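Since the structure comes first, as structure tokens, the remarks are kept for the end.
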Amino acid sequence: MEYISTRGGAGTVGFERTLFSGFASDGGLFMPKHIPSLDRDTLRRWSSLSYPELVKELCSLFIPADLVPRSTLSELVDRAFSRFRHKDVVHLSRLKEGLNVLELWHGVTYAFKDLSLSCTGQLLQYFLEKRQKHVTIVVGTSGDTGSSAIESVRGQKNMDVFVLLPKGLCTQIQELQMTTVIEDNIHIFAAHGNSDEIDVPIKELFADVDFAQKYNLMSLNSVNWSRIMVQIAHHFYAYFQCAPSLDTTPLPVVEIVVPTGGGGNITAGCIAQKMGLPIRLVAVVNTNDIFHRTVQHGDFSVSESVKPTLASAMDIQEPYNMERVLWLLSGSNSHLIKTLMEQFSASKSLKLPEDLHRKLSETLRSCSASDEDITRAMKRCWEENHYQLCPHSAVAAHYHYSHPDSTPRCCLAPASAAKFQDALLLAGLVPQIPPEITALTAMETRSTPLQRGQDWAQALRERIEAAAKRWDAE
């Protein structure tokens, strides 16, 4: 399996190089050169697999066995999921009115990103030990990515993690899950800006090729292909859990409703679809609706400002994985994608070509939800099921309640409601808080503030250089 950039200018690279990269050198995102196609017999065989076994099967398609032997890959995946609280790792709750909720949040930080990042962390550690190498991980987070990245590599001597969070725009619990980790290889920056603004200094560092190479910079945002690879399993597992039977011809369709921010999960769904999984995808967003506008009208343009919402992890104006989706739908037309993305980068406004927009709207449905829609869905779900949804999951539930359909449907639930106490209270619900989360409020915290007007990229450079000196000294 070989990988290429969506913009076509980075040559062909292997899985290991892709794993240790952020953006490709030409500014694009890495994707498999070929997407494997699965036949009906394979789908039927996989239908009885557990979630971890599905992850192993899917990863083995994208990671050559001569690079990571299959037995080693199996051990890495088992180790990755060893800290998950649910015996099945993920769990489907079947609720009233046909609402199926796939709980992706049974990891350490109560968020779906634990699934992919725990696997990525194990793969990184495997190669770093093998190569006796040190890497610098730089992550921007709108809520859950930071804490999941931290948990996947905390205490590891050959990895330093630098996390930028938007001060005051994550929930208190999300922030505490990051700032209470005080291992020497964890570096937290609380920036006075929004999610899109914290991406700017990160892109600047990766664009400085000499600096990025010298300090082995890499990303654990869903820019990183390994995250997308693991997330493909969400869609296969959801399909097998919700499909009525695999004995019919053609195979039944299942609709997967995907809360969408940066677009990693919806990209994984598009890849699963291309592999032959008969799913219909719905991208659901909050009032920061660039993904929705692109699907509906071909209008990939940022709004005047990011609107803070109850579903804060989806308060994103520039969903970078849209580039991967458009690349897939364009038939891997790197020249077209390079032209379109450079236009978007320059003007923050892009009208999709008519043919590409048609393919997008045929592949995806979409919906946006207001804060009022979110709290209404949270309240209804509780009243009907005594089941609490996080505001991001509620965006998916809002779509389900407002778009009745006879097609079997599964809503992906990216986080536990316990992380969003303010939203629960606004919905008139009483938060149910696990003791591990309550304990965070009494713990010591550590972070470095980044003020407006300060050179954030330079502040990061200095800390990265200092951490590298410590590694060299050891």
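Heads up: the sequence shown runs through residues 1 to 474, numbered per this note's numbering.
Even glycine gets a Cβ: it sits at the ideal position worked out from N, Cα and C.
Quantities reported herein were computed from a predicted structural model and do not represent experimental measurements.
Span of the alpha helix (DSSP H), counted from its first residue to its last, around residue i
i	result
E499	Outside the shown range of the chain, which is 1 to 474, sits residue 499, and nothing can be said about it.
H235	225-242
P449	Run containing P449: none in the alpha helix (DSSP H); it sits in the beta strand (DSSP E), 448-450.
A191	From DSSP, A191 is part of no alpha helix (DSSP H) but of the beta strand (DSSP E) over 186-191.
V430	First-last for V430: undefined, no H or E at that position.
T18	15-19
P435	435-438
Buried/exposed call for residue i, threshold 16 Cβ in 10 Å
i	result
P244	exposed
R44	exposed
M178	buried
G264	buried
M443	exposed
G168	exposed
P404	exposed
Beta-carbon proximity of residue i to residue j, cut-off 7 Å
i	j	result
C119	V230	yes
L29	P201	no
E151	T109	yes
P434	Q421	no
T363	R324	no
I4	Y215	no
L58	Y387	no
R452	H192	yes
F84	P414	no
Q317	D196	yes
G269	L281	yes
A418	L310	no
Residues near residue i in its chain [Cβ-Cβ closer than 6 Å; skip 5 each side]
i	result
S47	F240, L246
A238	L102, I256, C410
E2	T12, K33
M378	L389, A394, A427
C170	G143
F189	L164, T448, L450
Helix, strand or coil at residue i according to DSSP, with G and I counted as helix
i	result
I279	strand
C170	coil
R83	coil
A311	coil
S416	coil
F112	coil
V209	helix
L356	helix
I290	helix
E183	coil
R154	coil
Endpoints, beta strand (DSSP E) assigned at residue i
i	result
W58	Sequence inspection shows Leu at residue 58; the Trp mentioned does not correspond to that position. Here L58 belongs to no beta strand (DSSP E); instead the alpha helix (DSSP H) covers 51-62.
H91	91-94
A413	409-413
Y7	According to the sequence displayed, residue 7 carries Arg and not Tyr. No beta strand (DSSP E) contains R7, which DSSP labels as neither H nor E.
N100	100-103
Own chain, CB closer than 8 Å to residue i, minus 5 neighbours either side, in chain order
i	result
C242	L92, N100, V254, P408, R409, C410
P52	V77, D78, F81, V89
S226	T18, L19, S116, C119, T120, L123
H335	G8
7 Å Cβ cutoff, residue i in contact with chain C
i	result
F15	The structure shown contains no chain C, having only a single protein chain.
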